[in-house]
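First residue of the sequence shown: 1, per UniProt numbering; consecutive thereafter.
Quick notes on the structure that follows.
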Amino acid sequence: MKKAVLVARILLGFVFLFFGLNGILHFLPTPPMPPGDATTFATILMTHKYMSFVALCQVIGGLLLLVGRFVPLGLTILAPILVNILLFHFLLHPEGVVIGLVCTVLELFLLFAYRLSFRGLFDANPEKF
(Lines of atoms letter the chains of each structure in order from A; the text may use other names.)
(Lines give C-alpha, C1' and ligand atoms only; values in the text may rest on other atoms or scores of the structure.)
Protein backbone atom coordinates (compact mmCIF):
# COMPACT_ATOMS: atom_id res chain seq x y z
CA MET A 1 0.00 0.00 0.00
CA LYS A 2 2.84 2.40 0.84
CA LYS A 3 4.43 1.92 -2.58
CA ALA A 4 1.11 2.47 -4.35
CA VAL A 5 0.54 5.69 -2.40
CA LEU A 6 4.06 6.87 -3.23
CA VAL A 7 3.64 6.10 -6.94
CA ALA A 8 0.20 7.77 -7.09
CA ARG A 9 1.50 10.81 -5.20
CA ILE A 10 4.50 11.22 -7.49
CA LEU A 11 2.49 10.68 -10.68
CA LEU A 12 -0.23 13.15 -9.71
CA GLY A 13 2.30 15.65 -8.40
CA PHE A 14 4.36 15.46 -11.58
CA VAL A 15 1.32 15.88 -13.86
CA PHE A 16 0.15 18.99 -12.04
CA LEU A 17 3.64 20.45 -11.70
CA PHE A 18 4.37 19.90 -15.40
CA PHE A 19 1.09 21.30 -16.72
CA GLY A 20 1.07 24.08 -14.13
CA LEU A 21 4.52 25.19 -15.25
CA ASN A 22 3.32 24.98 -18.84
CA GLY A 23 0.44 27.28 -17.92
CA ILE A 24 2.96 29.83 -16.64
CA LEU A 25 5.91 29.37 -19.02
CA HIS A 26 4.07 28.15 -22.17
CA PHE A 27 6.73 25.67 -23.33
CA LEU A 28 4.24 23.32 -25.05
CA PRO A 29 2.37 24.40 -28.17
CA THR A 30 -1.28 25.13 -27.51
CA PRO A 31 -3.52 22.74 -29.46
CA PRO A 32 -6.26 24.38 -31.52
CA MET A 33 -9.63 24.56 -29.83
CA PRO A 34 -12.77 23.62 -31.70
CA PRO A 35 -14.97 26.57 -32.59
CA GLY A 36 -17.79 27.21 -30.20
CA ASP A 37 -18.43 27.67 -26.52
CA ALA A 38 -15.24 25.93 -25.34
CA THR A 39 -13.06 28.44 -27.20
CA THR A 40 -15.09 31.39 -25.94
CA PHE A 41 -14.91 30.16 -22.36
CA ALA A 42 -11.16 29.43 -22.50
CA THR A 43 -10.47 32.81 -24.15
CA ILE A 44 -12.28 34.68 -21.39
CA LEU A 45 -10.38 32.79 -18.68
CA MET A 46 -7.01 33.40 -20.32
CA THR A 47 -7.67 37.05 -21.13
CA HIS A 48 -8.45 37.86 -17.50
CA LYS A 49 -5.42 35.88 -16.16
CA TYR A 50 -7.63 33.42 -14.30
CA MET A 51 -5.74 30.53 -15.88
CA SER A 52 -2.44 31.95 -14.61
CA PHE A 53 -3.79 31.73 -11.06
CA VAL A 54 -5.01 28.17 -11.68
CA ALA A 55 -1.57 27.26 -13.07
CA LEU A 56 0.07 28.66 -9.93
CA CYS A 57 -2.26 26.56 -7.77
CA GLN A 58 -1.36 23.51 -9.87
CA VAL A 59 2.36 24.15 -9.31
CA ILE A 60 1.88 24.59 -5.56
CA GLY A 61 -0.32 21.49 -5.23
CA GLY A 62 2.01 19.43 -7.43
CA LEU A 63 5.08 20.48 -5.44
CA LEU A 64 3.39 19.62 -2.15
CA LEU A 65 2.64 16.13 -3.48
CA LEU A 66 6.13 15.62 -4.86
CA VAL A 67 7.88 16.81 -1.72
CA GLY A 68 5.62 14.68 0.46
CA ARG A 69 4.99 17.40 3.03
CA PHE A 70 1.48 18.78 3.58
CA VAL A 71 0.05 16.21 1.15
CA PRO A 72 -3.54 16.70 2.39
CA LEU A 73 -3.20 20.44 1.69
CA GLY A 74 -1.92 19.67 -1.81
CA LEU A 75 -4.86 17.33 -2.41
CA THR A 76 -7.25 20.01 -1.17
CA ILE A 77 -5.77 22.58 -3.55
CA LEU A 78 -5.93 20.21 -6.52
CA ALA A 79 -9.44 18.80 -5.94
CA PRO A 80 -11.44 21.81 -7.24
CA ILE A 81 -9.06 22.10 -10.19
CA LEU A 82 -9.81 18.48 -11.08
CA VAL A 83 -13.54 19.11 -10.79
CA ASN A 84 -13.23 22.01 -13.24
CA ILE A 85 -11.09 19.96 -15.62
CA LEU A 86 -13.70 17.20 -15.66
CA LEU A 87 -16.61 19.60 -16.10
CA PHE A 88 -14.86 21.42 -18.93
CA HIS A 89 -14.15 18.19 -20.78
CA PHE A 90 -17.51 16.52 -20.12
CA LEU A 91 -19.56 19.57 -21.05
CA LEU A 92 -17.51 21.49 -23.63
CA HIS A 93 -14.56 19.52 -25.04
CA PRO A 94 -14.90 15.74 -24.54
CA GLU A 95 -11.76 14.76 -26.49
CA GLY A 96 -9.33 15.38 -23.61
CA VAL A 97 -11.22 13.76 -20.76
CA VAL A 98 -8.94 10.70 -20.33
CA ILE A 99 -6.11 12.48 -18.50
CA GLY A 100 -8.68 14.14 -16.23
CA LEU A 101 -10.23 10.80 -15.37
CA VAL A 102 -6.83 9.23 -14.65
CA CYS A 103 -5.89 12.16 -12.40
CA THR A 104 -9.26 11.93 -10.65
CA VAL A 105 -8.72 8.23 -9.90
CA LEU A 106 -5.27 9.04 -8.48
CA GLU A 107 -6.73 11.90 -6.42
CA LEU A 108 -9.52 9.71 -5.02
CA PHE A 109 -7.02 6.96 -4.17
CA LEU A 110 -4.81 9.47 -2.34
CA LEU A 111 -7.81 10.98 -0.55
CA PHE A 112 -8.65 7.50 0.68
CA ALA A 113 -5.04 6.86 1.72
CA TYR A 114 -4.92 10.15 3.67
CA ARG A 115 -8.51 9.91 4.94
CA LEU A 116 -7.50 10.29 8.58
CA SER A 117 -6.23 13.79 7.82
CA PHE A 118 -9.69 14.77 6.58
CA ARG A 119 -11.79 13.24 9.35
CA GLY A 120 -12.31 16.59 11.10
CA LEU A 121 -14.18 17.90 8.07
CA PHE A 122 -16.96 15.42 8.66
CA ASP A 123 -17.58 16.11 12.37
CA ALA A 124 -21.22 16.90 12.98
CA ASN A 125 -20.34 18.98 16.05
CA PRO A 126 -16.85 20.45 15.55
CA GLU A 127 -14.87 21.85 18.45
CA LYS A 128 -15.31 25.53 19.14
CA PHE A 129 -12.81 28.06 20.38
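Note that beta-carbon positions come from the ideal geometry of N, C-alpha and C, so glycine has one too.
For clarity, every value in this text was computed on a predicted model and none was experimentally measured.
ILE24 versus VAL54 - alpha carbon distance: 10 Å
Throw me the rounded Cβ distance for the LEU65 and LEU12 pair, which I believe falls under 8 Å. 6 Å
Mark ILE99 as exposed unless 16 or more other C-beta atoms lie within 10 angstroms of its C-beta, in which case mark it buried. exposed
Flag this pair as yes or no: are the beta carbons of residue 164 and LEU110 separated by less than 8 Å? Since the first residue of the chain shown is 1 and the last is 129, residue 164 is not available in this structure.
Do you know how far the Cα of PHE70 is from the Cα of GLY96? 29 Å
Is ASN125 helix, strand or coil by DSSP? coil
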